[in-house]
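Quick notes on the structure that follows.
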Amino acid sequence: MTEKSMTEKQKSCELVQYVFLRKDLPYNTGEQAAQACHAVLACAYVHRDEKEMQDYLANTKEMKKVILGVSGESEMRELSEMLGMNKIKFYLWVEKPEDKEVALAVVPMRRRDISPLVRGYRLLI
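The opening position of the sequence shown corresponds to residue 965 in the working numbering, with each subsequent residue numbered one higher.
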């Protein structure tokens, strides 16, 4: 199937949202989940006018997310710089009042387009 023949719904099914969480913080599972939620919702709001975000949000039954871990603050900064250099839109969640960069959510995109850039990161378990 060519890209031209794909329906909008089929295209939105290919979209994946990547979320990155710091592994060095003393957060329990619930707190990590909350940080991921903060980053995802902020990303959705800030980038609500992006076509990929609109397509992703319009097809709620097909939403896919990949949650990856980063080792700490310096790796989170390197990740955000790399994404910025590659013109990938994202939202970096900073926990207040601590001013800690704890989570990063990428605007949904095709897995094949982002996979090469995030290949070195591991699933958060």
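Ideal Cβ positions, reconstructed from N, Cα and C, are used throughout, including at glycine.
Check, Outcome
"For a quick check, are the C-beta atoms of E1062 and R1041 less than 9 Å apart?", "no"
"Out of S1038, A1069 and E1059, which one is the CA nearest neighbour of K1053?", "A1069"
"Please classify M1049: is it buried, with 16 or more other beta-carbons within 10 angstroms of its beta-carbon, or exposed?", "exposed"
"How big is the Cα-Cα spacing for M1027 and M1046?", "25 Å"
"Assuming L1043 and F984 form a contact by the criterion Cβ under 8 Å, report the distance between their Cβ atoms to the nearest whole angstrom.", "6 Å"
"Might you give, ordered along the chain, the residues of its own chain that have their beta carbon closer than 7 Å to the beta carbon of P1072, omitting 5 neighbours on each side?", "L979, V980, Q981, E1016, M1017 and Y1020"
"Where A1003 and Y1055 are concerned, what is the direct C-alpha to C-alpha distance, given to the nearest angstrom?", "6 Å"
"Measure the alpha-carbon distance for L1087 versus I1031 and round it to whole angstroms.", "6 Å"
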